[in-house]
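Residue numbers (the numbering used here), protein chains in the order written: chain A, 30 to 641; chain B, 30 to 641.
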């Protein structure tokens with residue numbers, strides 16, 4: 030990826046938060062006012078808070094420069110924390126990120142739909158439906174294989190940047206010339222308004238605004254995707270991202286304050302929409318701003334659809350998630366990862382009624398926990414490895430870790446009752462499950478391990494000592510059955526004459542409720558000269574599985590030797606049309622299910638393809 | 030079964046229709062009246078119609094005596110029609126019966142709940158929920174293995190008979206002495222009232238009442254269950270059933286007319302309940318009548334849970350339903366049959382709001398189609414085989430066939446718009462599917478058939494000419510993998526040294542995205558002295574299945590000989606706890622799915638059971 034495409038691919042998540050960051054600060058500050066006239070005072074705090082958050086962003090971007098240099102093959106929080114702090118911090122960071130990806134989808138899509146409903150308020154009552162629809166379309170697109178291509182991303186990201194910078198420039202011109210269009214603040218009461226402007230409330234506003242830092246990690250995850258020199262290019266993109274986003278955020282908050290914008294208590298119209306209306310009117314430029322915002326937010330959500338399976342694959346390789354997730358390129362792993370992500374995001378959108386404000390408390394806390402762990406890990410790394418200039422790096426990372434740690438605590442405390450508690454409860458639960466999975470794999474691995482000595486001394490691993498009985502259940506004397514018999518005979522090296530003394534014994538078995546039918550089959554069998562024994566099992570109660578299992582039990586009692594291995598060989602008909610499967614494979618499936626838990630019993634399917 | 034138990038088991042379905050037959054006649058007749066005062070005139074027709082239906086019943090019972098003699102091993106309509114009239118009439122009868130069983134459940138349960146809500150009108154709004162609950166309980170009971178036991182059936186059936194005959198006797202005494210309790214007809218308008226008393230309406234009333242003949246076939250299905258002489262005992266039970274039911278039906282209609290009972294327009298209270306109230310008051314005897322009615326109706330519904338799988342098994346043996354249904358004693362077949370029956374019955378109860386009156390038009394038409402076909406089959410049989418007294422039998426069956434045929438047409442015409450059309454549309458659709466299934470099996474059987482000559486001349490059936498390649502995909506060098514290798518070596522008779530020139534070649538395959546890991550595994554493999562080749566497949570896109578499939582393709586291109594058979598041998602870990610399955614079997618499942626449609630590729634699962 031070039032820097033231009035890299036910016037579009039990895040920065041969209043972060044830059045898109047400019048669509049709601051200013052508004053979320055204002056939505057908290059506005060609670061410190063009674064009635065419309067008293068609004069101005071607390072809202073003027075928006076600008077200082079924005080400055081504080083942009084300063085935070087500068088610290089985080091600087092701190093991540095060290096990570097990018099140290100981890101040129103990709104340094105997400107899970108990797109950095111596991112590497113330097115140990116298993117538990119790594120898993121906490123990992124679970125925070127998994128939650129974060131789900132929330133990125135829910136928040137970005139909700140904000141994207143809010144940009145649409147701002148332009149078309151008539152759609153507002155359908156926002157949950159629209160958001161769910163958008164997630165479903167995104168999911169189907171990803172399942173069908175639309176991956177993030179640089180070009181596809183580049184267009185919306187740069188359209189957004191041009192549209193927004195144009196809007197801000199024109200807004201600053203209007204401010205300088207005092208020619209803002211007339212603005213009427215939206216009416217209505219804020220739920221919970223009339224509070225005192227306490228430090229707690231200000232910190233809560235700061236917490237809400239710090240959602241602006243989400244998505245910062247994307248660049249350090251994706252370093253290997255850049256053109257060489259990868260780390261250098263990634264570092265430049267990260268700085269560009271911070272600069273662009275910081276400028277938009279500051280400009281937005283400044284203009285909103287100057288115009289005197291008040292967030293809409295009904296949540297129908299966004300602050301960005303109000304700002305655009307007051308600067309450029311509701312002409313084509315307004316719609317350009319709204320649509321490009323929606324598009325960018327949808328693409329921001331899309332990054333999670335790539336990041337979630339990637340993280341799951343890394344964690345699965347380490348044994349903390351089911352192993353099949355590690356085959357990231359595999360349909361099953363990708364599909365199940367995407368499916369889980371989409372289902373949870375839809376669940377959140379429905380529960381929180383597609384409201385960004387309601388989702389924010391859950392979003393921010395996990396992100397800052399991951400930041401703190403990742404940067405603490407970098408501090409530890411510098412101390413341990415002492416790379417060149419380690420004192421500088423360590424100081425930068427220590428500042429970053431402290432700052433983000435403080436914010437994590439501030440967010441956790443001020444947003445606790447508003448929803449952060451859910452994440453703080455969920456994270457240890459996820460960690461517990463991850464550890465349980467790892468423990469299981471560890472036990473399994475220990476149990477399965479072989480030392481060089483026992484390799485050929487254990488009788489069950491020694492081919493010289495294993496004997497075989499092959500059971501072929503069959504419904505009729507037909508090609509599929511004969512193919513299965515021939516398969517068994519040739520595989521075991523038995524040809525013309527069955528060799529009862531040999532290593533493998535082959536027995537064909539027919540289950541019937543009508544002994545006359547069975548006898549007729551046996552006669553045909555003998556007449557045809559098939560050189561394998563046919564056993565007829567009578568089943569007066571018209572069952573198939575239980576007589577076979579009883580027969581296997583009897584065989585085992587005859588040969589209680591642990592070195593006898595039973596193979597049940599099922600001739601399977603595979604029809605030409607999928608719906609015909611229902612007519613053929615049910616009994617085979619049933620037998621396989623019944624045999625699954627039988628020790629030392631292998632099951633072989635020998636397919637016979639029907640052409641018609 | 031003795032006659033006493035046989036009556037209880039096989040007659041409950043028919044006798045239980047006395048709970049609604051009188052009412053259904055009246056509900057049609059009442060439409061020919063305007064206002065409450067004009068009610069009496071049309072309702073007096075109830076008694077003549079009842080007499081006509083009881084005469085029909087006598088004809089059918091007499092006609093079925095011939096069937097019972099001719100088919101001592103069970104003569105349901107499907108068997109009799111297939112046997113004597115050919116495939117298509119047999120399938121029409123079969124599909125009519127399958128629909129009939131579903132409707133027996135829906136109607137009997139709805140009527141049973143109506144008997145409850147008559148006694149406790151407060152439950153009326155919950156009738157659909159109650160009916161669905163009853164079907165669910167019945168289904169679970171049947172799935173858990175509660176089959177019809179004679180004793181369990183005998184009690185409710187005889188309690189009902191005693192309760193009802195007591196009620197009728199006391200009712201006749203009250204009629205003779207003119208001491209009926211005071212009766213007020215229920216108020217309200219009948220939907221569609223004020224029609225002229227046309228012949229069409231009278232025929233419609235007759236059609237509704239002819240629901241009284243449902244369940245008559247049960248005895249002839251169950252002949253083998255009787256004590257010897259089976260046919261004789263079954264014949265006696267059939268006559269007893271007709272006599273009991275006929276007396277109850279006549280007595281009920283007579284008393285209802287004498288009291289002047291009018292059906293409840295709101296459907297809250299049944300006619301039987303009104304009658305019982307007017308004869309014995311609302312004391313304990315009233316509740317005895319209501320509860321025993323409900324119990325009998327639930328047991329009548331239960332007979333379908335035995336009859337449906339039985340018919341499905343007979344039809345599956347003939348190839349008209351998926352083969353696994355023929356293993357009637359098998360859990361899967363029984364479960365899926367019961368499941369389909371219950372789901373359809375619940376669907377009907379919900380759609381028709383648990384109203385017997387709404388369901389009746391669907392119920393009767395299928396039953397009479399089956400009657401007509403069965404008795405026409407008997408006529409044909411007498412003509413063909415000319416057994417002793419064949420002229421008498423043939424005449425009786427011809428009368429039966431004509432009478433039921435006329436009723437089938439009458440029901441079809443008078444109830445067409447009320448719902449009979451659904452059944453008349455559904456029946457040919459079911460027949461079409463049944464024929465499609467049979468055609469598929471026929472094609473498959475022809476394709477699979479082997480003549481004696483080709484038995485050993487076809488190369489793919491000749492063990493002498495088959496060669497094998499065994500592929501063992503493995504994730505690690507551990508016990509499960511070594512067990513699989515030892516399994517393959519011993520099964521093919523290869524022991525100490527791999528024999529490249531032999532009949533079977535064994536190759537272990539490891540898929541990795543990290544070539545260094547792969548090389549390390551290979552080194553360990555060689556050092557350990559495993560005498561089977563290990564192939565490392567690199568998968569840069571982190572997929573598992575596609576590199577393996579490509580490898581199999583390459584193998585096949587190397588050996589384009591049709592006599593080479595590939596076996597993919599999967600070492601499968603079977604964990605001790607079910608939830609741990611998710612951690613192990615996903616990749617194996619995925620591979621199996623991908624290999625399912627590959628010709629000449631067998632799949633073997635070699636289980637390794639984890640103890641912990």
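Virtual Cβ for every residue (Gly too), placed ideally from N, Cα, C.
At a C-beta separation below 7 Å, residue 125 (chain A) has no neighbours in chain B, since its nearest C-beta there lies roughly 23 Å away.
Taking a C-beta distance under 8 Å as the contact criterion, residue 278 (chain B) and residue 47 (chain B) qualify as a contact pair. Pairing residue 189 (chain B) with residue 353 (chain B), the inter-Cα distance amounts to about 39 Å. In this structure, residue 296 (chain A) keeps its C-beta atom at 8 Å or more from the C-beta atom of residue 393 (chain A). Boundaries of the beta strand (DSSP E) around residue 634 (chain B): 630-638.
Beta-bridge analysis with DSSP links residue 600 (chain B) to B:635. In this structure, the CA atom of residue 441 (chain B) is about 16 Å from the CA atom of residue 124 (chain B). Residue 99 (chain A) places its beta carbon 8 Å or farther from that of residue 415 (chain A). Residue 218 (chain A) carries a coil assignment under DSSP once its states are collapsed to helix, strand and coil. Going by beta carbons, residue 232 (chain A) and residue 51 (chain A) fall outside the 8 Å limit. Closest by C-alpha distance to residue 281 (chain A), out of A:197, A:213, A:404, is A:197. Within the same chain, no Cβ atom closer than 8 Å to the Cβ of residue 313 (chain B) is found once the five residues on either side in sequence are excluded. For residue 520 (chain A), the neighbours in chain B by C-beta distance under 7 Å run, in chain order, 497, 520, 521, 533. Using a CB distance cut-off of 8 Å, residue 189 (chain B) does not count as an interface residue toward chain A. Annotation: Cβ neighbours of residue 490 (chain A) in chain B (cutoff 9 Å, chain order): 508, 511, 512, 514, 515. Residues 32 of the same chain have their beta carbon placed closer than 7 Å to that of residue 265 (chain A), with the five preceding and five following residues left out of the count. For the segment 334-350 of chain A, the beta-carbon criterion of a distance under 8 Å to any beta-carbon of chain B is satisfied by 342.
Counting the other CB atoms within 10 Å of its CB gives residue 608 (chain A) a total below 16, which places it among the exposed residues. By the neighbour-count criterion, in which 16 or more other beta carbons inside 10 Å mark a residue as buried, residue 38 (chain B) falls on the buried side. CA-to-CA, the gap between residue 83 (chain A) and residue 275 (chain A) works out to about 6 Å.
Burial of residue 333 (chain A) is indicated by the presence of at least 16 other C-beta atoms within 10 angstroms of its C-beta.
Here the alpha carbons of residue 339 (chain A) and residue 253 (chain A) stand approximately 13 Å from one another. The beta carbon of residue 249 (chain B) lies closer than 6 Å to those of 93, 96, 97, 104 in the same chain, with the five residues before and after it left out.
Of all residues in the segment 446-474 of chain A, those with a C-beta nearer than 9 Å to a C-beta of chain B are 466, 469, 470, 472, 473, 474, reading in chain order.
Neighbourhood of residue 478 (chain B) in chain A, by CB distance below 8 Å: 507, 508, in chain order. B:304 is the residue among B:304, B:572, B:134, B:577 whose C-alpha sits nearest the C-alpha of residue 147 (chain B). For residue 638 (chain B), the CB contacts under 7 Å within the same chain, skipping 5 residues up- and downstream, are 603 in chain order.
Taking 8 Å as the cut-off, the Cβ atoms of residue 76 (chain A) and residue 239 (chain A) do not count as close.
Interface with chain A (8 Å Cβ-Cβ cutoff): residue 602 (chain B) is included.
The three-state secondary structure of residue 536 (chain B), taken from DSSP, is strand. C-alpha of residue 133 (chain A) to C-alpha of residue 149 (chain A): approximately 24 Å in a straight line. Residue 142 (chain B) places its beta carbon less than 8 Å from that of residue 163 (chain B). Under the Cβ distance rule, residue 631 (chain A) counts among the residues neighbouring chain B, one pair being separated by less than 8 Å. Counting along the chain, residue 564 (chain A) sits inside no alpha helix (DSSP H); it lies in the beta strand (DSSP E) bounded by residues 562-567. One thing to note: residue 138 (chain A) has its Cβ within 8 Å of the Cβ of residue 160 (chain A).
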